[in-house]
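What follows is a short report on a single structure.
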Amino acid sequence: MKCILVLCCITLTTSRRLADRKIAKFDKNITKRGAVPETTVKKGYDYPVGPILLGFFVFVVIGSSLFQIIRTAATGGMA
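Numbered according to mature numbering (1 follows the signal peptide of the UniProt record, and there is no 0), the sequence shown spans residues -15 to -1, 1 to 64.
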């Protein structure tokens, strides 16, 4: 009978220790909420595409519009 009683006390102590560990971990996580370190914040302005791709896109758009204007002028207008 004493062996069962001692075993129950040890089990309760272990459960309490595990519960205290979980509570401490939860409390530590609560205090860290909203504290974003400076390194994860983006600084500066960065384009989502590279400068070569952007230049190529501008070249194609402006070049095609110039080509269309020249072609329209050569054919004589809006016919």
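Think of the CB as a built atom: it goes at the ideal place given N, C-alpha and C, for glycine as much as any other residue.
Element boundaries [alpha helix (DSSP H), containing residue i]
i	result
Gly48	Pro36 to Thr60
Contact under 8 angstroms by Cβ, residue i with residue j
i	j	result
Tyr32	Leu39	yes
Residue i to residue j span [Cα, whole Å]
i	j	result
Val34	Asp12	43 angstroms
Asp5	Gly19	24 angstroms
Phe41	Ile47	10 angstroms
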